[in-house]
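**Student:**
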Amino acid sequence: MPLGNLAVNEDWILECIRDLGVDGLSAIRTSQLRFDSRFRKYCAQNLCGNYNRSWTCPPNSPSVESIATEIVGHPDAVVFKVSGPLRFTVDWMSMMRVADRLGGICASITDKLIPTLRKGAVFGYGPCKYCKTCAFGSDEPCRFPDKRIHSLECACVDVADISRQSGLPLEHDPDRISFFGLLVYEL
Ligand code: SF4
12 MPLGNLAVNE DWILECIRDL GVDGLSAIRT SQLRFDSRFR KYCAQNLCGN YNRSWTCPPN
72 SPSVESIATE IVGHPDAVVF KVSGPLRFTV DWMSMMRVAD RLGGICASIT DKLIPTLRKG
132 AVFGYGPCKY CKTCAFGSDE PCRFPDKRIH SLECACVDVA DISRQSGLPL EHDPDRISFF
192 GLLVYEL
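Numbering-wise, the sequence shown is residues 12 to 198 according to this note's numbering.
(1) Taking the Cβ atom as the reference point for each residue, do Y196 and K123 lie within a distance shorter than 8 Å?
(2) Using DSSP bridges, identify the partner residues of I39.
(3) By the 10 Å Cβ neighbour count, where 16 or more other Cβ atoms means buried, how is A55 classified, buried or exposed?
(4) Does the structure place the region 133-146 close enough to the region 42-52 that three or more beta carbon pairs sit under 8 Å?
(5) Using C-beta distances below 8 Å, list every residue in its chain close to N16, excluding the 5 sequence neighbours before and after it, in chain order.
(6) Helix, strand or coil for G15, going by three-state DSSP, please let me know.
(7) I want to check one thing, is the minimum distance from the CB of W23 to the heavy atoms of the ligand SF4 below 7 Å?
(8) If you reduce the DSSP assignment to three classes, tell me which class L193 lands in.
(9) Should F147 be counted as a contact of the ligand SF4 given a C-beta to heavy atom distance under 7 Å?
(10) Please report the residue range of the beta strand (DSSP E) in which A132 lies.
(11) Please work out which residues of its chain come closer than 7 Å, Cβ to Cβ, to P186, disregarding the five sequence neighbours upstream and downstream, and give them in chain order.
(12) Alpha carbon to alpha carbon, what distance is there between A118 and L143?
(13) May I ask you to check if the CB of F134 is nearer than 7 Å to at least one heavy atom of the ligand SF4?
(14) L25 and V89 look like a contact to me (Cβ under 8 Å); what is the Cβ gap, rounded to whole Å?
(15) Can you tell me whether P13 is buried or exposed, with buried defined as 16 or more other CB within 10 angstroms of its CB?
Rendered as structure tokens:
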């Protein structure tokens, strides 16, 4: 990541995120994002097994309205995606490998890129992966409340719509999976 570059602008931010090894990215405006609070019902169904298991997953996450307000309080955004192969349709291990790679990229953006911006926040997939193990499981408060990373799903952002608008295919084929992340920022 070319930190130290004084010319912090959209191109530089795109370059920084590209350097982290994403498999596609695109600049968008937060005014383009669509929110649908009905997505929260899928969290409550706990199909992913993460409901009430981290400080960032419902019911412990902020309200949809408060996350949406935070997101649109930043004018600009970069959507990025990480993808990887599956050995069969429900290849959970490979899916988690891709999700963990996205989690590492989101943590790098939190630690290295966001401090260079006037303000910013990053969103990923699934529970926050900033720490190796979330403090929630030990009944302790979040260790880094300013750095915790919520998912786009918990924020009720319509990821399929982002995919359409940005031209980045959202893959969930029998042999490939992709997850999206989002940096929102103000220079
Ligand atoms: S920063 Fe650490 S303790 Fe806090 S939500 Fe993320 S993983 Fe959990």
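Built from N, CA and C at the ideal position, the CB exists for glycine as well. Fair warning: this is a prediction, and the values are worked out from it, not measured in the lab.
**Tutor:** The relevant details are as follows:
(1) The residue given as residue 196 occupies position 185 in the sequence shown. The residue given as residue 123 occupies position 112 in the sequence shown. In this structure, K123 does not lie closer than 8 Å to Y196 by Cβ.
(2) Looking up residue 39 in the sequence shown gives position 28. A88, per the DSSP bridge assignment.
(3) Working through the sequence shown from its first residue, we reach residue 55 at position 44. Classification for A55: exposed.
(4) no
(5) Along the sequence shown, one-based indexing puts residue 16 at 5. Caution applies to N16, whose pLDDT of 49 falls short of 50 and renders its modelled position unreliable; the model cannot decide the point.
(6) Translated into the one-based positions of the sequence shown, residue 15 becomes position 4. Reliability of the predicted coordinates at G15 is poor, the pLDDT of 47 falling under 50, and no value is obtained from them.
(7) Taking the first residue of the sequence shown as position 1, residue 23 is located at position 12. Not under cutoff, so the answer is no.
(8) Here residue 193 refers to the residue found at position 182 when the sequence shown is read from its first residue. In the structure shown, L193 sits in a strand (DSSP, three-state: E or B).
(9) Mapped onto the sequence shown, residue 147 falls at position 136. For the ligand SF4, at least one heavy atom lies less than 7 Å from the Cβ of F147.
(10) Working through the sequence shown from its first residue, we reach residue 132 at position 121. Here the beta strand (DSSP E) through A132 covers K130 to G135.
(11) For the purposes of this step, residue 186 is identified with residue 175 of the sequence shown, where counting begins at 1. Residue identity check: residue 186 is Asp in the sequence provided, not Pro. These residues qualify, in order along the chain: P96 and L97.
(12) Locating residue 143 in the sequence shown gives position 132, where the first residue counts as 1. Locating residue 118 in the sequence shown gives position 107, where the first residue counts as 1. For the sequence presented, residue 143 should be read as Lys rather than Leu. One C-alpha to the other measures close to 11 Å.
(13) Along the sequence shown, one-based indexing puts residue 134 at 123. The answer is no for F134.
(14) As a first step, residue 25 is located in the sequence shown; it is residue number 14 there, counting from the start. As a first step, residue 89 is located in the sequence shown; it is residue number 78 there, counting from the start. Correct: roughly 6 Å between the Cβ atoms.
(15) Here the question's residue 13 lines up with position 2 in the sequence shown. Because P13 carries a pLDDT of 48, less than 50, the predicted location of this residue cannot be relied on, and no value is offered for it.
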